[in-house]
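Residue numbers (the numbering used here), protein chains in the order written: chain A, 1 to 223; chain B, 224 to 446. Ideal placement from N, C-alpha and C gives every residue a C-beta, glycine not left out.
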DNA sequence: AGCATCTTCATGAAATCTTCACCAAAAATT
DNA sequence: AATTTTTGGTGAAGATTTCATGAAGATGCT
């Protein structure tokens, strides 16, 4: 399922967008401000971003720049008022893929989303095959077609790393992955979990490092 | 002759600044409040603004925003007290080009003015493609498409320089970039970090200097 | 209780950050 | 122009932080 990140401070609009996306069987996540959206992008796989330029905390300009500094994800700009038009045009230079001006119909949004996703897919290089397979229903994983015996915590950490490879995940964040909500345990705990995950991965393939330590920050799965 | 606008409510300070500027054959105009300064800017050609943030009528914040709404002129902030430091840092986001904290020597002012005027001139030329790529999600950087192996502190410093090129960054400021909050370590530490960053950059491209030393102030990345 | 799992702790090793002493370059002073 | 002072570069040593590891304690489930 394709996942869309909605960045829109107007709840009504966000809900109507989410509604039509859902109807077209897209997954979605909504944030009403720039900071949380950027955080989310750091730690999750997103197929497309719908970005309102009139946010309360950061300007759409800055959000887009920050997105582009780390990701190639398609971004569709939503402009609130006509008099922002000039500014919005400037965004194209920053790497926005399309922009829509309010008022807009839900149909228009979905059409844009589909178009951008189609473009992006054909543009992007063929992805290398992952050596991992996740059976979410069974809470199981295969690595090089071999079953991995993982504890619940290990499964949650590793499956999150596999779904979001090649980016750093802080220990704090990985703790939150294990426990949905904030949890009082020491972040050093993650070291131990990573250790045992590494051990299990090495039993199957010790030819290279699979989980890289990013010193001072956290861990990252190499693809 | 280059013309400097001095916005400073303390007459003694304004006069001493004007004195050193004159000695270095800069032209100058002095106002002791924000309103008159903005008026003056509307009707006169100014090459650089020296702006005290502690004005009687308008906050430096607002003055800078209003300047930026109509002009790209380099603005060097003068901060009265140390405890304004954080606030002043925020001004960089608003487009301040540099800031000086009191007490300051006349030489420092002239150095800043010269540095900014030089930067501004070179900036107005067509921008060349940056040779840097930042992968924020992985906390990594490419230089000439080659991976840079950087320590956390080096990464923080260099990515900051890359994001704000052609601008002088004081050692104090770069220290705050490494440690989010004030930190007790010596500013000379930055010299050592810069040294190792330079070494790594030179290993890839030694054809020219990439990080320029602005004597008496700090460092600047040349694009 | 017995078992699996999660967490904590102590330790050593490695990476990194800071400091220092000395030299070179630039600026200020005479 | 010569000298003094200030500032920055350099290499290496020392201090500090961070991480991996193995083992032990805590927790929770059956």
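Within-8 Å CB hit, residue i to chain B
i: residue 86/A; result: Because residue 86/A carries a pLDDT of 48, less than 50, the predicted location of this residue cannot be relied on, and the following value inherits that uncertainty. With 8 Å as the cut-off, residue 86/A does not count as an interface residue toward chain B.
i: residue 167/A; result: yes
i: residue 42/A; result: yes
i: residue 71/A; result: yes
i: residue 59/A; result: no
i: residue 126/A; result: Bear in mind that the predicted position of residue 126/A carries a pLDDT of just 48, short of 50, making it unreliable; the figure below should be weighed with that in mind. Chain B contact via Cβ: absent.
Same chain, Cβ closer than 8 Å to residue i, neighbours up to 5 away in sequence not counted
i: residue 43/A; result: 164, 167, 169, 173
i: residue 149/A; result: 200
i: residue 153/A; result: 178, 193
i: residue 139/A; result: 152, 155
i: residue 335/B; result: 299, 321, 323, 391, 440
i: residue 420/B; result: 373, 377, 380, 381, 434
i: residue 248/B; result: 224
i: residue 285/B; result: 257
i: residue 104/A; result: 78
Nearest-angstrom Cβ-Cβ length linking residue i and residue j, presumed shorter than 8 Å
i: residue 27/A; j: residue 3/A; result: 4 Å
i: residue 5/A; j: residue 29/A; result: 5 Å
i: residue 17/A; j: residue 51/A; result: 12 Å between Cβ atoms; not a contact.
i: residue 271/B; j: residue 290/B; result: With a Cβ gap of about 11 Å, residue 271/B and residue 290/B do not count as contacting.
i: residue 132/A; j: residue 142/A; result: 7 Å
i: residue 223/A; j: residue 130/A; result: 6 Å
i: residue 398/B; j: residue 444/B; result: Incorrect: roughly 17 Å between the Cβ atoms, too far for contact.
i: residue 71/A; j: residue 237/B; result: Between residue 237/B and residue 71/A the Cβ distance is about 48 Å, and since that is not below 8 Å, they are no contact.
Same chain only: Cβ atoms within 6 Å of residue i, ignoring 5 sequence neighbours per side
i: residue 114/A; result: none
i: residue 38/A; result: 66
i: residue 188/A; result: none
i: residue 184/A; result: none
i: residue 21/A; result: 4, 28
i: residue 110/A; result: 20, 24
i: residue 135/A; result: none
i: residue 428/B; result: 367
i: residue 46/A; result: 3, 5, 73
Residue-level contact to chain A via CB, residue i, 8 Å cutoff
i: residue 361/B; result: yes
Residue i: contacting residues in chain A (beta-carbon distance under 8 Å)
i: residue 375/B; result: 215, 216, 217
Contact list for residue i against chain B, beta-carbon separation under 8 Å
i: residue 79/A; result: Within 8 Å Cβ-Cβ: nothing; residue 79/A doesn't reach chain B, min ~20 Å.
Chain-ordered chain B contacts of residue i [CB-CB under 7 Å]
i: residue 220/A; result: 361
Contacting residues, own chain, Cβ-Cβ under 7 Å from residue i (five flanking each side not counted)
i: residue 431/B; result: none
i: residue 413/B; result: 394, 397, 398
i: residue 213/A; result: 219
i: residue 330/B; result: 439
i: residue 254/B; result: 230, 260, 263
The region 166–174 of chain A / the region 208–219 of chain A touching (three or more Cβ pairs under 8 Å): In this structure the region 166–174 of chain A lies against the region 208–219 of chain A, because at least three pairs of beta carbons, one per stretch, are closer than 8 Å.
Contact the region 9–21 of chain A vs the region 46–58 of chain A: 3+ CB pairs below 8 Å: yes
Cβ contact (3+ pairs, closer than 8 Å) linking the region 410–427 of chain B and the region 361–380 of chain B: In this structure the region 410–427 of chain B touches the region 361–380 of chain B; the number of beta carbon pairs closer than 8 Å is three or more.
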